[in-house]
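Numbering (this note's numbering), first residue to last: 31 to 327. Here is the structure we will look at, set down as structure tokens.
Here is the structure:
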């Protein structure tokens, strides 16, 4: 994992240039991005200040940093000067490794042939058995690794082929193996956040758990996952939101579990002590793989 301020600034600069971060968008807080990249928030702050000095982002007291421009405010001569300094340093390093002029030129030509690579990080998608479960995976990836992704369900094969990278739950990998030659596919292993599971188990006298989702087809999948994760001798009741209404069982349930798609309504109408939001937690290996592809290059 590369965690120097310069490297982080370089990656964010590229992500801004390729519109992974859009003008006007708020960047993750220094602490949040530090946790995602396993770096100190001081290092992230230093990286942000580098980008702020270049005119790419703007820091506001109490608000954080937002993207101000898609490219640094440098004229052509300044860009060439910066590029010349970086290439000179790289060439000197390569000569130190024993490469001659023809070998260095060959390497540059090969790398120029891969210049479409930065576009890859523009179009990522998280796959779910339906869109609601895909959204839960996308939320986990953004929270843990700082990478945004669109959401598709497992049946949207033609749509999947349009993306440059897919984050696919490992049990769904067979559905996308034929696409591995044309795009980047990262297998994802995840479970429910252990803190959520422990909170469920630790609550005494729970006889009924209510599950609220945004889609009917999400219900059996989540209940099966929960039954594999925890030993619960009580009963599950489940239903979806209806417009601005919650299922009737919500009033009678000892604990309400809910998905991000139903969060707005549940959090308005159910006391915090009586509800738990379901969130996925990526395995460390899956997080490392995403970081390696999208941050560590």
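From the three backbone atoms N, C-alpha and C, an ideal C-beta is built for every residue, glycine too. Since we're looking at a predicted model, the values are computed, not measured.
Around the C-beta of residue 176, are 16 or more other C-beta atoms found within 10 angstroms, so that it is buried, or is it exposed?
With 16 or more other Cβ atoms within 10 Å, it is buried.
Between which two residues does the beta strand (DSSP E) harbouring residue 311 extend?
Where residue 311 is concerned, the enclosing beta strand (DSSP E) stretches over 310 to 312.
Given residue 281 as reference, the closest of 301, 58, 245 and 69 once Cα atoms are compared
Ranking 301, 58, 245 and 69 by CA distance to the CA of residue 281 puts 301 first.
Please state the DSSP three-state secondary structure of residue 179.
Of the three classes helix, strand and coil, the one that applies to residue 179 here is coil, per DSSP.
DSSP three-state call for residue 247: helix, strand or coil?
Note: residue 247 maps to coil in three-state DSSP.
Simplified DSSP state of residue 220, which is helix, strand or coil:
The DSSP-derived three-state label of residue 220 is strand.
Output yes or no for whether 7 Å exceeds the beta carbon distance between residue 312 and residue 220.
Closer than 7 Å, so yes.
Grab me the residues of residue 268's own chain with a C-beta within less than 6 Å of its C-beta, minus the 5 sequence neighbours each way, in chain order.
241 and 249, listed in sequence order.
Compare the C-alpha of residue 5 against each of 206, 212, 322 and 287 and name the closest.
Any property of residue 5 remains undetermined from this structure, which presents the chain solely from 31 to 327.
Whole angstroms is fine: what's the gap from residue 332's alpha carbon to residue 76's?
Residue 332 is absent from the structure shown; the chain starts at 31 and stops at 327.
Evaluate residue 81 with the Cβ neighbour count: other Cβ atoms within 10 Å of its Cβ, from every protein chain shown; 16 or more gives buried, anything less gives exposed.
That one is buried.
Run through the DSSP bridge pairs and tell me what residue 240 is partnered with.
DSSP links residue 240 through a beta bridge to 267 and 286.
Along the chain, where does the beta strand (DSSP E) that runs through residue 156 open and close?
Here the beta strand (DSSP E) through residue 156 covers 154 to 158.
Between the C-alpha atoms of residue 122 and residue 49, what's the straight-line distance to the nearest angstrom?
Taking the straight line from one Cα to the other gives about 32 Å.
Look up residue 126 in the DSSP assignment and say whether it is helix, strand or coil.
In this structure, residue 126 counts as helix in the three-state DSSP scheme.
Identify the residues that DSSP records as bridge partners of residue 94: which are they?
Partner(s): 90.
Would you check if the region 90 to 110 and the region 200 to 219 touch, i.e. whether three or more CB-CB distances between them fall below 8 Å?
With the rule of 3 Cβ pairs closer than 8 Å, the region 200 to 219 does not count as touching the region 90 to 110.
Can you give the Cα-Cα distance for residue 51 and residue 206, rounded to whole angstroms?
Counting only the Cα atoms, residue 206 lies some 27 Å from residue 51.
Meets three-Cβ-pair contact criterion under 8 Å: the region 312 to 321 and the region 156 to 176:
Flag = yes, the region 312 to 321 and the region 156 to 176 touch.
Tell me which same chain residues have a C-beta within less than 6 Å of the C-beta of residue 291, skipping the five on either side of it?
For residue 291, where only same-chain residues beyond five positions count, the Cβ hits under 6 Å are 162 and 244.
Could you tell me if residue 321 is buried or exposed, where buried requires 16 or more neighbouring beta carbons within 10 angstroms of its beta carbon?
The residue is buried, with at least 16 neighbouring Cβ atoms inside 10 Å.
Comparing alpha-carbon positions, which option in 54, 263, 55 and 71 lies nearest residue 38?
Here the closest residue by C-alpha is 71.
Which residues does DSSP pair with residue 306 in a beta bridge?
In the DSSP assignment, residue 306 is bridged to 287.
8 Å contact criterion, which residue 197 and residue 218 should meet: CB distance rounded:
Contact flag correct, Cβ pair sits at about 5 Å.
Nearest candidate by alpha-carbon position, reference residue 299, set 308, 277 and 310:
Closest in alpha carbon position to residue 299, among 308, 277 and 310, is 277.
Would you call residue 53 buried or exposed, if buried means 16 or more other Cβ atoms sit within 10 Å of its Cβ?
Classification of residue 53: exposed, given that the 10 Å Cβ count is below 16.
What are the start and end residues of the beta strand (DSSP E) that includes residue 198?
195 to 199 is the extent of the beta strand (DSSP E) around residue 198.
Answer yes or no: does any C-beta atom of chain B fall closer than 7 Å to that of residue 154?
The structure shown contains no chain B, having only a single protein chain.
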